[in-house]
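Shown next, in structure tokens, is the structure this report addresses.
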Amino acid sequence: MDRKERLRSLKLISPKRISLSSTQERKLAEYQATYDSICDNFESCENAIAQIRKRFDVQNLKKDFENQYLYSLREISALTNQYISRISAISDTHKILLSNEGRSFTEQFKQMVSESIPPMNLPSEYEDAIKQVAMYREEIKTKIDNQFAPFVSHIESLSLDIDEEVILEWYQSKYHELEERLDATNELAQLGISAEIIDHELYSLHAQMANSLNYFKEYSRIHTETASQYKQLSVAFEHMEANYKMLQPLYRTAKKQRTVFTGRHIMDSMCTFFSQRIKDLDVTIESTANFDNYEFFTYESVIYSVFINIINNALYWLIPSTRRVIRMDYQQDTNEIVVMNSGERIDDKIIQDIFTLFFTRKHNGRGIGLYLARQSLKSIGMDIYATNATEYNRLNGACFIIKLNSISL
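Take a look at the structure:
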């Protein structure tokens with residue numbers, strides 16, 4: 000039995016607070032294999048002893064039982080006392096450290112008083128000294144609280160029912176998760192700053208291009224051979240200008256007050272914004288009467304950005320389809336906006352992941368749009384999710400549900 004207890008004390012457990020190197024993991028695995036082999040040998044010996052014990056008479060078995068029982072009590076008591084001794088040793092060590100720290104604070108107080116308070120004779124001098132001593136006392140007490148309170152509170156909060164290692168590991172995983180989210184947010188902030196800078200440049204370029212087009216317009220009247228080129232350039236500029244104006248509600252300055260607008264307004268705006276792509280891909284974009292008549296009372300910038308993202312994604316995934324349809328609907332019974340298409344269906348395995356930052360299925364996609372759509376909607380008390388449920392997804396492609404609330408009514 001003594002050898003078995005010695006073997007038990009040699010058992011190694013992989014640490015939770017630190018990560019082992021590949022070499023350390025390999026050596027730990029080799030050690031564990033040897034340890035398990037020895038344990039198997041002990042078990043074989045115990046099985047052999049059990050077979051021999053079957054030959055004992057009742058008297059010998061009774062004596063063996065009593066010996067085993069008494070030995071087990073001693074071992075349990077010894078192991079418990081061993082841990083108590085270790086805790087006592089730790090406690091004694093900390094008591095000594097705390098006592099030394101306490102003496103150092105006492106010495107600090109004595110030094111502060113001796114260095115700052117001169118000999119006293121007058122009542123006013125004693126009064127000033129009393130105030131000074133009280134001030135030093137509070138200063139030292141604050142230092143003691145800052146030094147001792149966190150440690151003592153931690154010790155008081157310990158419990159045999161709580162695995163501190165597991166809690167620490169959970170907090171570490173959450174810390175790494177928050178670090179990743181912070182990095183992602185910083186990247187988005189940089190992207191937003193870049194967009195604002197580009198918008199400022201586009202505004203300047205827009206004015207220059209408009210002036211140049213006015214000059215070219217007069218030039219084409221005299222030089223008729225350039226009229227067709229001017230017309231093409233003018234149409235392209237007008238289309239670019241329309242798209243640029245459509246983006247204005249998306250900027251932060253637009254998200255200041257709620258406005259009333261209808262589903263039909265959204266529908267017409269999307270058709271205008273994506274007119275060329277809708278025409279090139281031969282896409283049918285349609286809406287129900289319920290959607291057209293629904294009145295939003297919310298931030299136009301948020302709703303526009305969400306619909307632009309959803310329609311833009313739909314146009315991408317409709318390309319392989321022979322029948323290309325995008326449909327918008329409003330379900331009054333659930334107070335939800337449904338945007339569906341006849342393109343590629345979203346796999347159930349990733350239907351939640353598509354709203355994760357930087358998750359994308361597109362070639363050269365960035366995985367930002369749907370994440371921003373959900374975050375923007377949540378900022379005004381709404382939400383968005385994807386579904387393959389047949390009561391919503393009637394076109395059997397991608398289907399998004401915008402959950403409305405009273406703020407939009």
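When the count follows numbering that gives the first Met the number 0, it moves up by one through the sequence shown with no breaks and lands on 408 for the last residue.
Cβ atoms here follow ideal geometry from the backbone N, Cα and C, with glycine treated the same way.
Quick caveat, the model's predicted, so the values are computed rather than measured.
- For residue 156, the uninterrupted alpha helix (DSSP H) run begins and ends at 122-156, by DSSP.
- Taking a cut-off of 8 Å on C-beta distances, the stretch 138-148 touches the stretch 104-113, as three or more cross pairs fall below it.
- Residue 329: member of the beta strand (DSSP E) spanning 324-330, first to last residue.
- For the stretch 305-367, the full-length beta strand (DSSP E) segments reaching 3 residues or more read 324-330 and 335-340 along the chain.
- By the C-beta criterion, the stretch 392-400 is judged to be in contact with the stretch 309-326, since at least 3 inter-stretch pairs fall below 8 Å.
- If you ignore the 5 residues before and after residue 355, its C-beta comes within less than 8 Å of the C-beta of 366 and 370, all in its own chain and listed in chain order.
- Just so you know, the alpha carbons of residue 72 and residue 48 end up roughly 21 Å apart.
- Nearest Cα to residue 292 within the set 331, 283 and 271: 331.
- Inter-segment contact for the stretch 261-270 and the stretch 279-289 is present: three or more beta-carbon pairs are separated by less than 8 Å.
- DSSP places residue 267 outside any beta strand (DSSP E); the residue lies instead in the alpha helix (DSSP H), whose first and last residues are 262-272.
- Residues of the same chain with a CB within less than 8 Å of the CB of residue 360, apart from the 5 flanking positions on each side, are 349 and 353 in chain order.
- Contact between the stretch 119-129 and the stretch 77-92 is absent: fewer than 3 CB-CB pairs across the two stretches fall below 8 Å.
- If you compare the alpha carbons of 92, 98, 133 and 93 with that of residue 109, the shortest gap goes to 133.
- According to DSSP, residue 402 shares a beta bridge with 335 and 382.
- Under the three-state reduction of DSSP output, residue 224 falls in the helix class.
- For residue 86, the enclosing alpha helix (DSSP H) begins and ends at 57-115.
- Taking the C-beta atoms as reference points, residue 399 is found nearer than 7 Å to residue 309.
- Distance from the CA of residue 58 to the CA of residue 44, rounded to the nearest whole angstrom, comes to 23 Å.
- Contact holds between the stretch 230-237 and the stretch 209-217, because three or more Cβ pairs, one in each stretch, are under 8 Å apart.
- With a cutoff of 7 Å on beta-carbon distance, residue 295 and residue 272 are scored as not near each other.
- Straight across, the Cα-Cα distance linking residue 217 with residue 227 is about 13 Å.
- Here residue 363 is not near residue 329, since their CB atoms are 7 Å or more apart.
- The shortest C-alpha to C-alpha distance from residue 335 to any of 378, 386 and 300 is the one to 386.
- Spanning the alpha carbons of residue 154 and residue 97 requires a straight line of approximately 14 Å.
- If you look at residue 287, you'll find it isn't in any beta strand (DSSP E); DSSP assigns it neither H nor E.
- Of all alpha-carbon atoms in 384, 300, 379 and 297, the one lying nearest the alpha-carbon of residue 339 is that of 384.
- The DSSP-derived three-state label of residue 258 is strand.
- Measuring C-alpha to C-alpha distances from residue 303 to each of 38, 176, 375 and 221 identifies 375 as the nearest.
- Within its own chain, no residue has a Cβ closer than 7 Å to the Cβ of residue 351 once the five positions on either side in sequence are excluded.
- Excluding the 5 residues flanking it on each side, residue 111 has same chain C-beta neighbours closer than 7 Å at 135, in chain order.
- The secondary-structure analysis by DSSP pairs residue 215 with nothing; it has no beta-bridge partner.
- If you look at residue 297, you'll find it in the beta strand (DSSP E) that goes 294-297.
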